[in-house]
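Okay, so here's the structure we're looking at.
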Amino acid sequence: MPLAVIDDFENKYHDFPLNRRLRNFWLKQQIRLGNWNNFIVGYNDIYNPELKCSFLQAKYNKTGDKSLLKEAENLWLVGTSQHSNCDILFKTLENTIGISEEKVLERIELALEKKNHTLANQLISRLPKAERAILPIWVKMLETPSSVVKYSNNP
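Take 1 as the starting number for the sequence shown in our numbering and just add one per residue.
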């Protein structure tokens with residue numbers, strides 16, 4: 001389905017409650033088909049991290065504009081795991097401008113605030129060896145408060 005059909009429908013039925021779903025479906029179809037130029041043109045800045053990651057990666061691939069990777073950093077810097085569509089973008093971010101130790105620590109803190117211990121433990125592996133030694137204990141204590149007794153009896 002051409003983008004013009006989606007645009008015409010949205011313009012004609014602007015109050016239709018499923019407009020966003022229709023566009024998202026169309027965008028995901030463009031991703032599956034590898035129609036990146038259509039995807040870029042059809043993307044409007046709706047809040048959907050999965051589509052935002054795909055948009056930023058497609059736009060970066062097309063333009064090489066590193067400011068797009070700063071936006072990618074904002075998507076990375078959350079306390080939850082993002083959609084797998086973000087993996088390539090995050091790898092591009094890491095390989096191009098890098099992710100600082102401070103940002104990794106900040107994301108670990110965000111993950112712990114969300115009680116996402118799995119993500120916190122995954123992120124710990126990205127830190128220098130000295131940091132990796134103590135943080136798993138900290139995560140374990142937050143995950144299982146009764147473990148504080150165990151660690152306090154074995155300093």
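For every residue, glycine included, the Cβ atom is placed at its ideal position computed from N, Cα and C.
I'd like to know if the stretch 69-89 and the stretch 37-49 are in contact, where contact means that at least 3 CB-CB pairs between them fall below 8 angstroms.
yes
Measure from the alpha carbon of ILE156 to the alpha carbon of each residue in ASP45, LEU22, GLU109, GLU71, then state which is nearest.
Not covered by the structure: residue 156. The range shown for the chain is 1 to 155.
Classify SER125 as helix, strand or coil using the three-state DSSP reduction.
Start at 1 with the first residue of the sequence shown, and residue 125 comes out as number 125. SER125: coil per DSSP, three-state reduction.
With DSSP as the reference, label SER81 as helix, strand or coil.
Counting from one through the sequence shown, the residue named residue 81 turns up at place 81. In this structure, SER81 counts as coil in the three-state DSSP scheme.
From what residue to what residue does the alpha helix (DSSP H) around TYR60 run?
Within the sequence shown, residue 60 is the residue found at index 60, counting from 1. Segment 49-63, the alpha helix (DSSP H) holding TYR60.
Distance, TRP76 Cα to LEU99 Cα:
Counting from one through the sequence shown, the residue named residue 99 turns up at place 99. Counting from one through the sequence shown, the residue named residue 76 turns up at place 76. Per the sequence presented here, residue 99 reads as Ile, with Leu not at that position. Looking at the two C-alpha atoms, the distance is approximately 10 angstroms.
Helix, strand or coil: how does DSSP classify LEU117 here?
Walking along the sequence shown from the start, residue 117 turns up at place 117. It should be pointed out that residue 117 corresponds to His in this sequence rather than to Leu. If DSSP states are grouped into helix, strand and coil, HIS117 belongs with the helices.
If you pair each beta-carbon of the stretch 29-48 with each one of the stretch 2-14, do three or more pairs fall below 8 angstroms?
yes
Distance, LYS66 Cα to ASN74 Cα
Position 74 of the sequence shown, counted from the start, is the residue given in the question as residue 74. Position 66 of the sequence shown, counted from the start, is the residue given in the question as residue 66. For ASN74 and LYS66, the distance between alpha carbons rounds to 13 angstroms.
Tell me, to the nearest whole angstrom, how far the beta carbon of THR92 is from that of LEU119; I am working on the premise that it is less than 8 angstroms.
Counting from one through the sequence shown, the residue named residue 92 turns up at place 92. Counting from one through the sequence shown, the residue named residue 119 turns up at place 119. Rounded, the Cβ-Cβ distance is 20 angstroms, inconsistent with contact.
So does GLN57 have its beta carbon nearer than 6 angstroms to some heavy atom of the ligand ZN?
Among the components modelled here there is no ligand, and therefore nothing to report on the ligand ZN.
Pairwise C-alpha distance: THR63 and SER157
Since the first and last residues shown for the chain are 1 and 155, residue 157 lies out of range.
For LYS66, does the three-state DSSP call read helix, strand or coil?
For this step, residue 66 is matched to residue 66 along the sequence shown. Judged by DSSP in its simplified three-state form, LYS66 adopts coil rather than helix or strand.
Could you tell me which uninterrupted alpha helix (DSSP H) segments, each at least 4 residues in length, are contained entirely in the stretch 20-49, listed from first to last along the chain?
36-42
Beta carbon of GLN57 nearer than 7 angstroms to that of LEU33:
Taking the sequence shown and counting its residues from 1, one reaches residue 57 at position 57. Taking the sequence shown and counting its residues from 1, one reaches residue 33 at position 33. No; because the gap between Cβ atoms is not below 7 angstroms, this pair is not in contact.
Do GLY79 and LYS114 have their C-beta atoms closer together than 7 angstroms?
Residue mapping note: residue 79 aligns to position 79 of the sequence shown, counting from 1. Residue mapping note: residue 114 aligns to position 114 of the sequence shown, counting from 1. Against a cut-off of 7 angstroms, the Cβ pair of LYS114 and GLY79 comes out as a contact.
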